[in-house]
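Q: Heads up, the sequence shown is in my numbering, so the first residue is 3 and it goes up one at a time.
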Amino acid sequence: MLFGDEGGYSNRATDSGGPTKFGITHKTLAAYRGVSSVTAQQVKDMTIQEAEEIYRRSYWLQSGGDLLPSGLDYAVFNSGVMSGPARAVKILQSVVGVNQDGVIGVQTVAAVKAYRGGVEQLIRDYCNAYMTFLRSLGGKQGFSANGRGWTIRITGVDPKGQWKTTPGVVGNALAMSRRGTVTPTNVADPAGAPKANPKDTSIVETLKKPEAWGPLGGLIGGVTGIASGTGPIQWAFAIIMVAGVLYGLYTLIQRQKAAA
Numbered sequence: 003m004l005f006g007d008e009g010g011y012s013n014r015a016t017d018s019g020g021p022t023k024f025g026i027t028h029k030t031l032a033a034y035r036g037v038s039s040v041t042a043q044q045v046k047d048m049t050i051q052e053a054e055e056i057y058r059r060s061y062w063l064q065s066g067g068d069l070l071p072s073g074l075d076y077a078v079f080n081s082g083v084m085s086g087p088a089r090a091v092k093i094l095q096s097v098v099g100v101n102q103d104g105v106i107g108v109q110t111v112a113a114v115k116a117y118r119g120g121v122e123q124l125i126r127d128y129c130n131a132y133m134t135f136l137r138s139l140g141g142k143q144g145f146s147a148n149g150r151g152w153t154i155r156i157t158g159v160d161p162k163g164q165w166k167t168t169p170g171v172v173g174n175a176l177a178m179s180r181r182g183t184v185t186p187t188n189v190a191d192p193a194g195a196p197k198a199n200p201k202d203t204s205i206v207e208t209l210k211k212p213e214a215w216g217p218l219g220g221l222i223g224g225v226t227g228i229a230s231g232t233g234p235i236q237w238a239f240a241i242i243m244v245a246g247v248l249y250g251l252y253t254l255i256q257r258q259k260a261a262a
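#1: If you reduce the DSSP assignment to three classes, tell me which class T49 lands in.
#2: According to the neighbour-count rule (16 or more other Cβ atoms, all chains shown, within 10 Å of its Cβ), is Q109 buried or exposed?
#3: Of all the options P87, S146, G73 and G66, which has the alpha carbon lying nearest to the alpha carbon of G107?
#4: Could you tell me if T30 is buried or exposed, where buried requires 16 or more neighbouring beta carbons within 10 angstroms of its beta carbon?
#5: Ignore the nearest five residues each way along the sequence and tell me which others in S39's own chain have a CB closer than 6 Å to its CB.
#6: Whole angstroms are fine: how far does the CA of A77 sit from the CA of V97?
#7: Measure the alpha-carbon distance for I125 versus L70 and round it to whole angstroms.
#8: Would you decide whether G169 is buried or exposed? Buried here means 16 or more other CB atoms lie within 10 Å of its CB.
#9: Could you spell out the range, first to last residue, of the alpha helix (DSSP H) harbouring L124?
#10: For E213, is the classification buried or exposed, using 16 other Cβ atoms within 10 angstroms of its Cβ as the cut-off for buried?
#11: At what residues does the alpha helix (DSSP H) containing F145 begin and finish?
#12: So what does DSSP say about K23, is it helix, strand or coil?
#13: Under the rule that 16 or more other beta-carbon atoms within 10 Å means buried, what is P87, buried or exposed?
#14: Tell me whether the segment 79-93 and the segment 36-52 touch, counting them as touching only if at least three CB pairs, one residue from each stretch, are closer than 8 Å.
#15: For S12, write down the residues that DSSP places opposite it in a beta bridge.
#16: For I222, collect the residues of the same chain with a Cβ closer than 8 Å to its Cβ; drop the 5 residues on either side in sequence, then sort them by chain order.
#17: With I93 as the anchor, note down where its alpha helix (DSSP H) starts and where it stops.
#18: Thinking C-beta only, is E122 closer than 7 Å to S72?
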């Protein structure tokens with residue numbers, strides 16, 4: 003469904019994304035392939051299979067994926083493709099009234115489940131909020147240049163009345179919800195605190211975890227023993243030991259970010 007909205011290859015002056023295919027910009031494609039840049043021809047040659055994997059990794063998961071009810075997941079995912087997952091999630095969080103950190107976590111999932119009017123009303127309110135955001139975009143590549151297309155895509159209605167009315171994102175999302183609402187997956191967090199951005203994992207939070215104290219205990223004991231000597235060999239061993247433990251803590255932080 004999304005590929006139908008995004009279309010094939012384009013490279014319009016009014017589109018800030020530059021060379022784009024299936025809605026995936028050249029910058030996104032380059033990041034996925036792990037290179038600094040790609041050519042317009044490489045964008046043209048991108049396969050639909052690669053596009054699907056990019057959407058799954060870079061947009062679906064970051065926009066909430068299976069944590070949101072059927073229908074709402076599609077609406078937020080679509081906004082993530084258009085404006086970035088963090089922006090899409092922040093708009094959802096503003097609608098349900100929780101902290102806008104751009105990450106779907108415990109509080110967001112709970113607020114979605116408890117939303118007044120249920121999932122269908124939330125889909126409508128979310129799409130309205132996203133349209134409000136789109137209307138706020140100025141400049142040559144903003145709403146004045148692209149607003150008609152954006153409006154048709156989200157609402158299914160052509161402001162000029164020249165195109166046949168379609169369900170749009172809101173209509174398709176409502177249809178998905180009516181076919182069978184999926185209960186959001188609970189995010190385990192016994193402390194009841196909102197899920198933080200994985201990239202903000204700090205060493206302070208890492209040190210709260212018991213697995214961090216194994217190497218630290220060894221470090222303290224080892225350095226204490228080495229401190230009894232004053233020779234250059236002892237101090238060299240101490241430096242190596244400290245460096246090794248710091249690297250171990252860094253690796254632990256990275257593992258926790260990946261698991262978040």
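C-beta atoms are modelled at their ideal positions from N, C-alpha and C, and glycine is treated no differently.
A: The relevant details are as follows:
#1: The answer is coil: DSSP assigns T49 none of H, G, I, E or B.
#2: The residue in question, Q109, is buried, as its Cβ has 16 or more Cβ neighbours within 10 Å.
#3: Comparing Cα positions, the closest option is G66.
#4: Around the beta carbon of T30, 16 or more other beta carbons lie within 10 angstroms, which makes this residue buried.
#5: Same-chain partners within the cutoff: A32.
#6: Rounded to whole angstroms, the separation of the alpha carbons of A77 and V97 is 13 Å.
#7: Between the alpha carbons of I125 and L70 lies a distance of about 11 Å.
#8: Note that residue 169 is Pro in the sequence shown, not Gly. Its Cβ having fewer than 16 others within 10 Å, P169 is exposed.
#9: Taken as a continuous stretch (DSSP letters only), the alpha helix (DSSP H) holding L124 covers G120 to R137.
#10: Because the pLDDT of E213 is 41, which lies under 50, any placement of that residue in the model is unreliable, and the question is left without a value.
#11: F145 to T157 is the extent of the alpha helix (DSSP H) around F145.
#12: Taken through DSSP and simplified to helix, strand or coil, K23 comes out as strand.
#13: Under the 10 Å beta carbon count, P87 is surrounded by 16 or more other beta carbons and is classified as buried.
#14: Taking 8 Å as the limit for Cβ pairs, the verdict is that the segment 36-52 does not touch the segment 79-93.
#15: Answer is T22.
#16: Any answer about I222 is weak, because its pLDDT of 42 lies below 50 and its placement is not dependable; what the coordinates show is given next. Result list for I222: empty, nothing under 8 Å.
#17: DSSP places I93 in the uninterrupted alpha helix (DSSP H) bounded by P87 to V98.
#18: Taking the C-beta atoms as reference points, E122 is found no nearer than 7 Å to S72.
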